[in-house]
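What follows is a single structure, written as structure tokens, with notes after it.
Protein chains: 2
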Amino acid sequence: MWWVGAGYKTRNVDPSALTPPSFLLLNSRPQLLLVISVTMAKDMTLLWASGSPPCWGVQIALEEKNLQGYNQKLLSVAKGEQKSKEVLEINPRGQFPAFKHKNTIVNESCAICFYLENQFKSQGTQLIPEGAAEVGLMYQLIFEAQPLAQKIGEVLYYNWKVPEGERHDSAVQRNKEALKEEMKIWEGHLQGCGDFLVGKSFSLADVIIFPVFAYFIRNGGSEERYPNVAAYYKKLRDRPSIKKTWPPTWIDGPGMGTLKDI
Amino acid sequence: MWWVGAGYKTRNVDPSALTPPSFLLLNSRPQLLLVISVTMAKDMTLLWASGSPPCWGVQIALEEKNLQGYNQKLLSVAKGEQKSKEVLEINPRGQFPAFKHKNTIVNESCAICFYLENQFKSQGTQLIPEGAAEVGLMYQLIFEAQPLAQKIGEVLYYNWKVPEGERHDSAVQRNKEALKEEMKIWEGHLQGCGDFLVGKSFSLADVIIFPVFAYFIRNGGSEERYPNVAAYYKKLRDRPSIKKTWPPTWIDGPGMGTLKDI
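Here is the structure:
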């Protein structure tokens with residue numbers, strides 16, 4: 001272990017983290033040397049799909065933990081590549097993301113994010129806060145995000161999930177109402193919060209939930225009816241880890257607008 | 001902080017943990033003194049319902065962390081008490097469990113379990129394992145348990161969730177098939193595992209997932225078709241933390257058998 005730091009909070013740096021390219025940033029005061037630890041994560045593999053919030057969360061976590069140069073492959077849900085041999089070898093459920101670190105396979109997006117924080121605690125952004133209230137809120141929001149994502153999916157993919165002969169307008173309407181109620185709860189969570197979902201620093205809650213809100217807005221979710229969600233989205237969308245991993249299929253233009261009446 | 005231990009792994013014990021009743025166990029070799037730290041958790045409140053896996057998980061976690069004497073109130077879903085004022089004051093979603101520690105409210109069962117481990121790391125059972133492979137698997141299984149619980153719910157509560165005019169036998173059948181597929185995946189996870197879901201020690205994966213399997217079996221899930229699940233269930237059901245918190249409404253007799261053809 002090397003302890004590196006001068007004038008900044010010291011960080012516990014694994015020597016293997018200092019393989020090139022590590023960045024030596026010299027600021028305007030030459031005596032102030034900051035070493036940012038960047039790991040060339042050649043022992044990691046991520047199979048992912050563009051525009052999938054669960055994949056995006058993992059990519060953001062990797063950036064925040066300064067894990068660069070991992071093996072990655074962009075695959076296509078439209079082509080059904082989540083059921084391809086290379087995905088199934090890692091994730092028998094045939095879902096994105098599929099992730100491997102050395103010999104350890106971890107599936108489920110949130111699980112991968114927690115794993116990365118656990119394994120690289122002292123590298124990059126600290127993604128689990130310190131205070132009891134912040135810790136409790138972070139965990140709560142992450143587990144509340146599961147029904148949020150589910151409710152968005154039930155509106156967006158109703159026709160895909162439900163066979164034609166079983167579809168009912170009343171069910172569609174009920175799903176929409178459930179999503180509206182859910183979004184109101186999140187408006188409440190975001191009321192008076194600063195730049196982040198929890199306390200004064202970026203945490204796993206942001207890693208996991210920002211992509212869900214971005215997906216909501218991308219698919220037509222109203223910025224007017226959910227101003228706190230919209231403000232949060234705008235504050236974070238230019239964060240380097242988020243901007244760098246912005247879904248490539250989203251860059252060309254807007255989404256479908258399916259959620260416009262939510 | 002006091003460091004207590006002789007002949008056993010030492011534990012970092014908070015003095016407040018030694019308020020009575022702390023247990024001083026003297027084994028057959030009098031020089032070997034083991035102090036088990038028990039906190040009288042009078043600053044915690046749990047509102048819960050009997051037979052709810054999310055509530056049960058929290059109760060198991062509290063036992064494993066040696067948190068005793070917390071304020072608790074058994075309420076009734078049948079009476080709609082999840083929407084009562086006292087629940088809504090803690091959990092605006094009107095769901096069990098509702099949990100508070102000092103001034104910190106934490107809702108969502110898994111979030112509460114993680115919070116307890118985070119806040120009482122050095123007390124009671126260590127619920128997050130050490131090794132990378134074990135950590136990754138634990139997180140994966142916990143997040144995979146969300147769709148498992150959801151699929152059980154979709155079979156058990158179809159008539160409650162879906163209005164009469166929207167019900168279809170084909171949907172019921174599809175939900176059953178989805179649960180069967182899910183259970184097969186868990187049979188695979190449990191193939192060749194020892195007493196616990198992850199590695200050689202009890203972890204948050206057991207805290208959270210044992211109650212889900214118990215619920216499956218309680219409601220008629222087949223021990224013959226899912227022998228690994230049944231074996232796991234039998235190995236853990238007499239563990240003190242589990243036995244002590246066994247749902248009181250389950251003691252009088254078997255459940256409904258709704259899952260018997262899964």
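If you read the sequences in order, they're chains A and B.
Residues 1 to 262 in UniProt numbering are what the first sequence lists, from first letter to last.
Residues 1 to 262 in UniProt numbering are what the second sequence lists, from first letter to last.
C-beta: ideal position from N, C-alpha, C; glycine also.
Using DSSP with H/G/I as helix, E/B as strand and the rest coil, what is residue i?
i, result
"B/Lys-244", "helix"
"A/Gln-126", "coil"
"A/Leu-116", "helix"
"B/Met-183", "helix"
"A/Thr-249", "helix"
"B/Asn-71", "strand"
"B/Phe-202", "coil"
"A/Lys-100", "strand"
"A/Asn-219", "coil"
"B/Ile-262", "coil"
"B/Asn-107", "strand"
"A/Leu-47", "strand"
Exposed or buried, which one is residue i when buried takes at least 16 other CB atoms within 10 Å?
i, result
"A/Leu-24", "In this prediction, A/Leu-24 has a pLDDT of 42, which is less than 50 and means its spatial position is unreliable; what the coordinates show is noted afterwards. Answer is exposed; the Cβ neighbour count stays below 16."
"A/Met-138", "buried"
"B/Lys-121", "exposed"
"A/Gly-221", "buried"
"A/Tyr-233", "buried"
"B/Trp-160", "exposed"
"A/Glu-108", "buried"
"B/Ile-251", "exposed"
"A/Gly-131", "exposed"
"B/Gln-173", "exposed"
"A/Met-44", "buried"
"A/Ser-37", "buried"
"A/Asn-71", "exposed"
"A/Lys-151", "buried"
"B/Ala-214", "buried"
"A/Met-183", "buried"
"A/Gly-136", "buried"
"A/Gly-124", "buried"
"B/Lys-73", "exposed"
Do you know whose CA, among the options, lies nearest residue i's CA?
i, options, result
"B/Leu-197", "B/Arg-225, B/Lys-235, B/Pro-163 and B/Gln-173", "B/Lys-235"
"A/Val-212", "A/Pro-54, A/Ala-132 and A/Glu-108", "A/Pro-54"
"A/Lys-260", "A/Asp-252, A/Ile-217 and A/Gly-199", "A/Ile-217"
"A/Leu-47", "A/Asn-118, A/Tyr-226 and A/Glu-86", "A/Glu-86"
"B/Pro-240", "B/Ala-49, B/Asn-66 and B/Ser-37", "B/Asn-66"
"A/Tyr-226", "A/Gly-255, A/Gln-191 and A/Thr-45", "A/Gln-191"
"B/Ile-128", "B/Ser-203, B/Asn-219 and B/Ala-171", "B/Ser-203"
"A/Ala-205", "A/Gln-146, A/Ile-152 and A/Tyr-158", "A/Gln-146"
"residue 265 of chain A", "A/Lys-102, A/Ala-111 and A/Glu-223", "Because chain A in this structure spans residues 1 to 262, residue 265 of chain A falls outside the shown range and cannot be described."
"residue 264 of chain B", "A/Gly-80, A/Asn-175, A/Phe-143 and A/Lys-100", "Residue 264 of chain B falls outside the range modelled here, since chain B spans only 1 to 262, and no answer is possible."
"A/Ile-185", "A/Asp-169, A/Gly-165, A/Asn-228 and A/Ala-171", "A/Asn-228"
"A/Leu-75", "A/Arg-237, A/Gly-255, A/Met-256 and A/Pro-247", "A/Pro-247"
"A/Arg-237", "A/Phe-210, A/Pro-254 and A/Met-256", "A/Phe-210"
"A/Ala-171", "B/Ser-170, B/Glu-166 and B/Ala-171", "B/Glu-166"
"B/Glu-181", "A/Pro-92, A/Met-256, A/Lys-100 and A/Gln-140", "A/Pro-92"
"B/Ala-98", "A/Gly-253, A/Asp-169, A/Gln-140 and A/His-168", "A/Gln-140"
"A/Glu-134", "B/Gln-126, B/Glu-144, B/Asp-169 and B/Thr-104", "B/Thr-104"
"B/Glu-144", "A/Val-106, A/Val-77, A/Ala-78 and A/Glu-187", "A/Val-106"
Near residue i, which residues of its chain fall below 6 Å by C-beta distance, leaving aside the five closest residues on each side in sequence?
i, result
"B/Ala-61", "Cys-113, Leu-116 and Val-207"
"B/Ala-149", "Val-212"
"A/Ser-52", "Phe-96"
"residue 269 of chain A", "The first residue shown for chain A is 1 and the last is 262, placing residue 269 of chain A beyond what the model contains."
"A/Gly-255", "Arg-218 and Asn-219"
For residue i, collect the residues of the same chain with a Cβ closer than 7 Å to its Cβ; drop the 5 residues on either side in sequence, then sort them by chain order.
i, result
"A/Thr-249", "Ser-50 and Gly-51"
"A/Leu-179", "Lys-151, Ile-152, Val-155 and Ile-262"
"A/Thr-245", "Trp-56, Gln-59, Ile-60 and Glu-63"
"B/Lys-200", "Gly-194"
"B/Gly-94", "Gln-82, Lys-83, Val-87 and Leu-88"
"A/Gly-69", "Met-40, Ala-41 and Lys-42"
"B/Ile-242", "Ile-60, Phe-210 and Leu-236"
So with CB distances below 8 Å, who are the chain D contacts of residue i?
i, result
"B/Val-106", "Within the model displayed, chain D is absent; protein chains A and B are what it includes."
Can you list, in chain order, the residues of its chain whose CB lies under 8 Å from that of residue i, leaving out five sequence neighbours each side?
i, result
"A/Thr-258", "Val-155, Leu-156, Asn-219 and Gly-220"
"B/Ile-142", "Cys-110, Leu-204, Ala-205, Ile-208 and Ile-209"
Item to check | Every unbroken alpha helix (DSSP H) inside the segment 134-169 of chain A [4 residues or more] | outcome: 158-161
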